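Going line by line, the protein sequences match chains H and W.
Our numbering applies: residue 1255 is where the first sequence begins, and numbers increase by one.
Our numbering applies: residue 1255 is where the second sequence begins, and numbers increase by one.
Worksheet for the structure shown next.
Number of protein chains: 2
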Amino acid sequence: MAETINRQILLVSRPEGEPSAANFKLVETPLPALREGQVLVRNHYLSLDPYMRGRMSEGKSYAEPQPLNQVMIGGTVGEVVDSRSEQFRPGDKVVGMGGWQEYAVVDAGQRGLLRKVDTTHVPLSAYLGAVGMPGVTAWYGLVRIIDPQAGQTIVVSSASGAVGGAVGQLAKARGCRAIGIAGGEEKCRYVQEELGFDACIDYKQHKDAAALAAALRAAAPDGIHGHFENVGGQVLDAVLSEIKPHGRIAVCGMISGYNGEPIPMKNPQLILTQRLKLQGFIVGEHMQDWPEALKELGSLVAAGKLKYRESVADGLAQAPEAFLGLLKGRNFGKQLVKLV
Amino acid sequence: MAETINRQILLVSRPEGEPSAANFKLVETPLPALREGQVLVRNHYLSLDPYMRGRMSEGKSYAEPQPLNQVMIGGTVGEVVDSRSEQFRPGDKVVGMGGWQEYAVVDAGQRGLLRKVDTTHVPLSAYLGAVGMPGVTAWYGLVRIIDPQAGQTIVVSSASGAVGGAVGQLAKARGCRAIGIAGGEEKCRYVQEELGFDACIDYKQHKDAAALAAALRAAAPDGIHGHFENVGGQVLDAVLSEIKPHGRIAVCGMISGYNGEPIPMKNPQLILTQRLKLQGFIVGEHMQDWPEALKELGSLVAAGKLKYRESVADGLAQAPEAFLGLLKGRNFGKQLVKLV
């Protein structure tokens, strides 16, 4: 193989407040020769996800910060183009953490880094979305924390997103009522009409937690049994005010205020008076549940029963702008960058 | 049996703000004749508990409000003095919900209302405390929600109270480090020296959540694995700031502010970033766990390994004042009223 140039995006500075394109830098690096046991993957799609914002800062979080002047981490799907491992052959379709770059050199022996996937019935890009980390995130929070029973009402915020959309459809598959919360008429229409939620509330139409609570009450007059939280703040306050006794809340995402200060929970007494369970999680800590989750998610996608939408940016150079747009909610569905 | 006069305390008005003695009224009522299946119990001790404050109001809570002009509800231990049931004989020692009165007429057939207890190794009054509802509350929150492992650090607020004291001792029995939070030097000394906690923090010495958090950090430099919350507010904020990843918080009590408004939780984002579980509970909803809990609690008390203290008011007429004192934290240990 002639020397190949790998284009990569590095994090070169940490944002103060809002991230900007200046925090990133596109560089070109020659690919090193493969060592024994290594695999060269051509990345086809890069996944952009909100968690990456957390990694850009040095604050206390559940994960190590992204090191400066190194390739931004990120999930990828692609194809093996060269291999010095018996586990992979050129042509294999794989999912992994290839990062913001066109090629990734991967140690094939390191468990969990690279996984072969079958694209007969499931499109390759879906392994970054409905049949990937966002799908498993939805599955884990819903199935393992909320534990929904047929007939119960389940609410999910960011319902038009990759995670939220899967939460509602998985809940529907279990005989529940699914109520979404999303921003804007177009997203709400998609959530109801395309994803099949029973209702979707446009939070932009409601000026505060009390107004949002009233909208939830109208959509779920008998109360909320379970909630999948992607947002926090006023949305969580509103859901808490409408939740039923023994309600379960899976906490998957929490925004902070404009200045980075945490947004308080208005009425934590409800945890006691309604005997609630609130549980935070990150799906990477529950690898033992991935096979079961991926099996259900793959079957549902193959059967056309788990729908999703993708926002696809074209080419690695577009990744920073696409990521900044994602943080502002400009994407619609799973945000990807097409690299091939 | 000659006509016996039963002295009773009724709730005659609902408090606006702080309850007062005027909300209660002592009345004398002739005891009715027993019907078939009924038992007459002479109450020896009445238990006073914070939950009664909630029942005095009509607000949204987990239980029905106490009806006006009826005998205040409350747990009691006593002795059967007359019986028209085959299940109980005069002389039987029993625990039940006899209410604020000297005698109780109980339908023996109604499941769970009256339970015979063995006073060979456990004093009768302990069935209202360490081997009763407070003990089982401690056991359930610690064992079923916090699920402590040997070597872990467990914090409990109101550590000198009937529930809190049992939480720490049950944690110690499981090989944990127990850290109490209590109000005042005398209570803290009791928690450490008599109950055997590893440390106790006097919250009155710390002006805000940050100062309390610093004291917790000094007592638990490696962080907190589990917390049993009897208080909420600043205490919960302080514990949250020192909790370890995957920490579990059993929510058993939550105060509100002076005007009855809820006190916000300052940083709910920690639920996500630390992947916490917060769970509220009331022990009456978990009757299936009582036998296991009571068995352990009874054995520990009989063996002298579960210590407790009682504040005993003398005579039914003292019950309202003792209850108001309890709400102000004037009691020291389990608050009882001796009726015989």
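Virtual Cβ for every residue (Gly too), placed ideally from N, Cα, C.
In this text, all values refer to a predicted model and were calculated from it rather than measured experimentally.
Tell me which residue opens and which closes the alpha helix (DSSP H) that E1564 of chain H is part of.
Residue range 1564-1568 is occupied by the beta strand (DSSP E) that includes E1564 of chain H, with no alpha helix (DSSP H) assigned at that position.
Same chain only: Cβ atoms within 8 Å of P1402 of chain W, ignoring 5 sequence neighbours per side:
Same-chain partners within the cutoff: L1396, I1408, A1425, R1428, C1430, H1479, G1480.
Does chain W have any CB closer than 9 Å to the CB of E1312 of chain H?
no
Kindly list the residues whose CB is nearer than 8 Å to the CB of G1321 of chain H, restricted to its own chain and excluding five residues on each side of it in sequence; keep chain order.
Note that residue 1321 of chain H is Pro in the sequence shown here, rather than Gly. Correct list, in chain order: L1265.
Residue-chain proximity (R1268 of chain W, chain C), Cβ-Cβ < 9 Å
In summary, chain C is missing from the structure at hand, where the protein chains are H and W.
If we count the other Cβ atoms within 10 Å of its Cβ and call it buried at 16 or more, is S1414 of chain H buried or exposed?
buried
Roughly how many angstroms separate the alpha carbons of D1372 of chain W and G1350 of chain W, rounded to a whole number?
14 Å
Other residues of its chain near Q1589 of chain W: CB distance less than 7 Å, five sequence neighbours each side excluded:
L1302, S1565, A1576, L1580
Using a Cβ-Cβ cut-off of 7 Å (strictly less than) and excluding sequence neighbours within five positions of L1490 of chain H, which residues of its own chain qualify?
E1483, M1519
For the beta strand (DSSP E) containing Y1299 of chain W, name the first residue and the last one.
1292-1301
Checking the sheet assignment: what are the DSSP bridge partners for N1484 of chain W?
According to DSSP, which records beta bridges pairwise, N1484 of chain W is partnered with nothing at all.
Compare the C-beta of E1546 of chain H with all C-beta atoms of chain W and state if any pair is closer than 9 Å.
no
L1368 of chain W: beta carbon under 8 Å from a heavy atom of the ligand ADP?
Although the ligand ADP was asked about, the structure shown includes no ligands whatsoever.
Along chain H, which residues have their Cβ under 7 Å away from the Cβ of L1532 of chain W?
I1525, L1532
Rank H:G1345, H:I1536, H:L1449 by C-alpha distance to the C-alpha of V1555 of chain H and give the top, closest one.
H:L1449
Residue interval of the beta strand (DSSP E) (run including S1411 of chain H):
1407-1411
Applying a beta-carbon distance threshold of less than 8 Å, which residues of chain H neighbour K1498 of chain W?
In chain order: nothing, as chain H lies at least about 12 Å away.
Check the Cβ-Cβ distances between V1505 of chain H and every residue of chain W, and say whether any is below 9 Å.
yes
Continuous alpha helix (DSSP H) assignments of at least 4 residues falling wholly in the stretch 1326-1398 of chain H
Whole alpha helix (DSSP H) segments, 4+ residues: 1387-1393.
At least one CB of chain W closer than 9 Å to the CB of I1259 of chain H: is that the case?
It does not; no Cβ of chain W falls within 9 Å.
For A1571 of chain W, which residues of its own chain have a beta-carbon under 7 Å away from its beta-carbon, when the five flanking residues on both sides are left out?
L1280
Could you tell me the alpha carbon to alpha carbon distance between I1525 of chain W and L1532 of chain H, rounded to whole angstroms?
For I1525 of chain W and L1532 of chain H, the distance between alpha carbons rounds to 8 Å.
May I ask which residues mark the beginning and end of the beta strand (DSSP E) holding A1453 of chain H?
1453-1456
Report the rounded CA-to-CA distance for G1418 of chain W versus R1309 of chain W, giving the unit in angstroms.
22 Å
Could you tell me which of H:S1267, H:G1291, H:V1537 sits nearest to G1389 of chain H, measuring between CA atoms?
H:V1537
Please give the ranges of any beta strand (DSSP E) in the stretch 1460-1510 of chain H, keeping only runs that are unbroken, at least 3 residues long and fully inside the region.
1478-1483, 1497-1505
In chain H, which residues lie with their C-beta within 9 Å of the C-beta of R1529 of chain W?
Neighbours of R1529 of chain W on chain H, chain order: Y1316, V1505, Q1533, G1534, F1535, I1536, E1539.
Are the Cβ atoms of G1534 of chain W and L1494 of chain H separated by less than 9 Å?
no
Helix or strand or just coil, what does DSSP make of F1278 of chain H?
Here DSSP, grouped into helix, strand and coil, assigns F1278 of chain H to strand.
What do you reckon, are the CB atoms on V1485 of chain W and S1379 of chain W nearer than 9 Å?
Not a contact, by the Cβ cut-off of 9 Å.
Select from the stretch 1395-1412 of chain W all residues with a C-beta closer than 7 Å to any C-beta belonging to chain H, and list them in chain order.
none
Beta carbon proximity, M1306 of chain W to chain H, threshold 9 Å:
no
With three or more beta-carbon pairs closer than 8 Å as the criterion, would you say the stretch 1333-1345 of chain H touches the stretch 1291-1302 of chain H?
yes
Any idea what DSSP makes of Q1423 of chain W, helix, strand or coil?
helix
Could you tell me which residues DSSP puts in a beta bridge with N1260 of chain W?
W:T1283
List the whole-angstrom C-beta distance separating Y1299 of chain W from V1331 of chain W, where the pair is believed to meet the contact cut-off of C-beta under 8 Å.
5 Å
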